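In our numbering, the protein residues as written are 548 to 948.
Glycine residues also receive a C-beta, built at the ideal position from the N, C-alpha and C atoms.
From a predicted model like this one, the values you see are computed outputs, not experimental measurements.
A quick write-up on the structure given underneath.
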Ligand code: PLP
C-alpha cells in the first residue's frame with residue numbers, strides 16, 4: 548500500500564446469518580410512461596429543468612446555494628410583479644405555501660372572507676379554520692366570478708381580517724378579475740390574500756398593482772417545474788400582522804412553515820447577520836425552480852402570457868369546430884386551464900382513459916360540483932403551444948367518434 552493508505556484487516560468473524568422481518572423486495576429500475584400532461588397540473592416540466600435537477604448537490608448553508616436562492620427570489624418578484632422583499636421558495640407543493648400563509652397570518656378568531664366559486668375556495672375554508680379562523684363564505688356558482696361590489700358589501704357586513712381569493716380557479720377554469728380588490732381590502736382594513744397557483748407565468752399577475760398583501764403559487768403549472776417547491780410572498784401589511792402576533796406572544800402553530808424562522812434562513816442578512824439553519828432545503832428542487840424561472844425570464848413575461856393566450860384561443864376555436872363547448876364564458880376563461888362540457892350521454896371518465904391509453908395524453912375530469920360534467924384541460928408552461936392543443940382536439944374527436 549502507498550503511504551497513508553492502510554489495508555483493512557480481514558474480518559475476524561462474520562455476522563451470524565439473520566432472518567429479516569421484511570424480505571428484500573424485488574424491484575427494477577422505474578421507467579415511467581411518457582405522457583403528454585394536458586390536465587390541471589402538473590404539466591410536463593421543461594427538459595432544461597429536468598437537466599438542472601441532475602446538477603451536483605451542494606449544502607443548504609453553502610454560500611453558493613444561498614446566492615442562488617437570492618436569484619430565485621429576484622425572478623419570483625419579476626414573475627409576480629411585486630417588490631416584496633419577503634418573497635421566498637417554500638419547501639413543499641403549492642399547498643405548503645398556502646398553509647404557510649394561513650399559519651402565519653391567522654390569529655385565532657380572525658374572520659376570513661372566502662370567495663368560494665370552486666373547489667379551492669372550499670380548501671381555504673378547511674385550511675384556515677384549522678388555524679382558528681372564523682369562515683365567512685361568499686359563494687357563486689362554480690365557473691362564475693365575483694364583482695367588486697359583492698366583495699365590498701360582504702366586507703361591510705362582516706368586517707373580515709382577510710379576504711381570500713383564487714385568481715385562477717383550477718377546478719372551474721375561471722379567472723377572477725382582481726381590480727379594486729386591494730382598495731376594498733384597505734378601505735375595510737383587512738388583508739388581501741391570493742392563490743396564483745395556476746396563473747403565475749401564464750397570464751398577467753400584478754400583485755403590487757392589485758394591492759395583494761400575501762400570495763402563493765406552485766411550480767408545476769405555467770412555470771414548467773416539477774411539483775415540490777412553492778413560491779410565497781408577503782407584503783408590508785402582512786409582515787406587520789406577523790410582527791404584531793409575535794409581539795403579542797402568539798406562536799405560529801406550524802413549526803415547519805413558521806416564517807419568523809424561515810426569515811432567518813432565507814431573508815434576513817442585510818446587516819451581515821449570518822443565515823440560520825431551519826430545515827434542509829430541497830436543493831435539487833431549488834435548482835429546478837431557478838432554471839424554470841430563468842427560462843421564463845429569458846422568454847419574457849409578456850411573451851409567455853401571449854404564448855399562453857395564443858394557444859388557449861386556438862384551442863377554444865378548435866373545440867368549437869368539433870362541437871364542444873366551454874363551461875366558462877370567454878371573458879372570464881383562464882388560458883392555462885379550460886373546462887370543457889362533457890356532451891350528453893358521454894361517459895367522461897372513459898374518454899380520459901381512452902386518451903391516456905391510446906395517445907399517452909393526460910386530461911382530467913371535474914372536481915366537486917363539476918364532477919362528471921366537465922373535462923379539465925391544461926395548456927401550461929412548456930406545453931402551452933398550438934400543436935398540443937391540436938393534438939388534444941384530434942384525440943378527443945377520435946374518442947367521441
Ligand atoms: N391552488 C390551486 C388553484 C391549485 O390548482 C392547486 C393544485 O392544483 C393548489 C392550490 C394546490 O397546490 P399543490 O397541489 O401543488 O399542493
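With a cutoff of 6 Å, residue 774 counts as near ligand 1, since its C-beta is closer than that to a heavy atom of the ligand. Between residue 808 and residue 825, the C-beta gap is smaller than 7 Å, which places the two residues in contact. Distances between the C-beta of residue 925 and the heavy atoms of ligand 1 are all 6 Å or more.
Using a cutoff of 6 Å, the CB of residue 641 counts as near ligand 1, since one of the ligand's heavy atoms is closer than that. If you compare the alpha carbons of 705, 678, 843, 718 with that of residue 692, the shortest gap goes to 718.
In chain order, 695, 698, 699, 702 place their CB closer than 7 Å to the CB of residue 731, counting only its own chain and leaving out the 5 sequence neighbours on each side. The DSSP-derived three-state label of residue 702 is helix.
Runs of the alpha helix (DSSP H) lying entirely within the segment 815-872 and spanning at least 4 residues, in chain order: 830-846, 848-868. Just so you know, the alpha carbons of residue 615 and residue 837 end up roughly 8 Å apart. Here the alpha carbons of residue 861 and residue 822 stand approximately 48 Å from one another. Look at the beta carbons and you see the segment 889-908 not touching the segment 757-768: under three pairs across the two are nearer than 8 Å. Residue environment analysis places residue 802 among the exposed positions, since fewer than 16 neighbouring C-beta atoms fall within 10 angstroms of its C-beta. Put simply, the backbone Cα of residue 647 is about 9 Å away from that of residue 799.
The alpha-carbon of residue 724 is positioned some 37 Å away from that of residue 598. Counting the other CB atoms within 10 Å of its CB gives residue 716 a total of 16 or more, which places it among the buried residues.
The DSSP assignment places 641-652 as complete runs of the alpha helix (DSSP H) inside the segment 633-657, in order along the chain (cut-off: 4 residues). C-alpha of residue 917 to C-alpha of residue 855: approximately 24 Å in a straight line.
Spanning the alpha carbons of residue 869 and residue 944 requires a straight line of approximately 7 Å. The beta carbon of residue 593 sits closer than 6 Å to those of 771, 842, 929, all from its chain and outside the five residues before and after it, given in chain order. Residue state for residue 579 is assigned as coil, using DSSP reduced to three classes. For residue 886, the uninterrupted beta strand (DSSP E) run begins and ends at 884-888, by DSSP. Residue pairing from DSSP places residue 912 in a beta bridge opposite 922.
Within the DSSP secondary-structure output, residue 738 pairs in a beta bridge with 709. Taking the Cβ of residue 745 as the reference point, at least one heavy atom of ligand 1 falls within a distance shorter than 6 Å. Residue state for residue 682 is assigned as strand, using DSSP reduced to three classes.
Contact fails between the segment 620-628 and the segment 641-658, because fewer than three Cβ pairs, one in each stretch, are under 8 Å apart.
Checking the DSSP bridge columns, you'll see residue 778 partnered with 636. Three or more Cβ pairs closer than 8 Å define a contact, and the segment 899-906 falls short of that threshold against the segment 732-742. Counting only the Cα atoms, residue 636 lies some 33 Å from residue 921.
Between residue 708 and residue 673, the C-beta spacing is not below 7 Å. Here residue 567 is not near residue 909, since their CB atoms are 7 Å or more apart. Take the alpha-carbon of residue 865 and the one of residue 791: they are about 53 Å apart.
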